[in-house]
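A.B. asks: Anchor point for the sequence shown: position 53 equals 53 in UniProt numbering, and the numbering is continuous, going up by one each time. Using N, Cα and C, we set each Cβ at its ideal position, and we do this for glycine too. Note that the structure is a prediction, hence the values are computed from the model and not measured. If you scroll down you'll find the structure; I have some questions about it.
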Amino acid sequence: MARLAAHAQRAALAAFGQPARLTIDGQAFDLRAIFVAAHELVEIMGDAPVSTTRPVLSVLASSLPVQPAEGDEAEVAGRRYRIVDVRPDGLGMVKLILQEA
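Next up, the structure:
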């Protein structure tokens, strides 16, 4: 199962990945990652839902020299983001939940 997951992840990165730069503890690292800025509905204090985006950067855990943390930064396609959550998927990928800086 792990071998199949690794093969699928590499294929996805080859097809959909783009260059990204992570700055972790002040050190910059270039890697390939899948960037998605999906729309989601957020309900604020019981009012009508508001449409917003939740940018996510998916990276191979093995491509990370150190584990990113909340507050570290990412740059994709010339836009800078702050990492607000780090979510390993248990299969070798890490989803970095981003917020525009």
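1) I'd like the span of the beta strand (DSSP E) that includes Ala28, first residue to last.
2) Taking the C-alpha atoms as reference points, what is the distance between Ile97 and Pro68?
3) Ignore the nearest five residues each way along the sequence and tell me which others in Arg80's own chain have a CB closer than 7 angstroms to its CB.
4) Would DSSP call Leu64 helix, strand or coil?
5) In whole angstroms, what is the alpha-carbon distance linking Met45 and Thr52?
C.D. replies: This is what the structure gives:
1) Gln27 to Val42 is the span of the beta strand (DSSP E), which, as asked, contains Ala28.
2) Near 11 angstroms, if we compare the C-alpha coordinates of Pro68 and Ile97.
3) Cβ within range, chain order: Glu73 and Ala101.
4) When secondary structure is reduced to three states using DSSP, Leu64 falls in the coil class, being assigned neither helix nor strand.
5) Taking the straight line from one Cα to the other gives about 15 angstroms.
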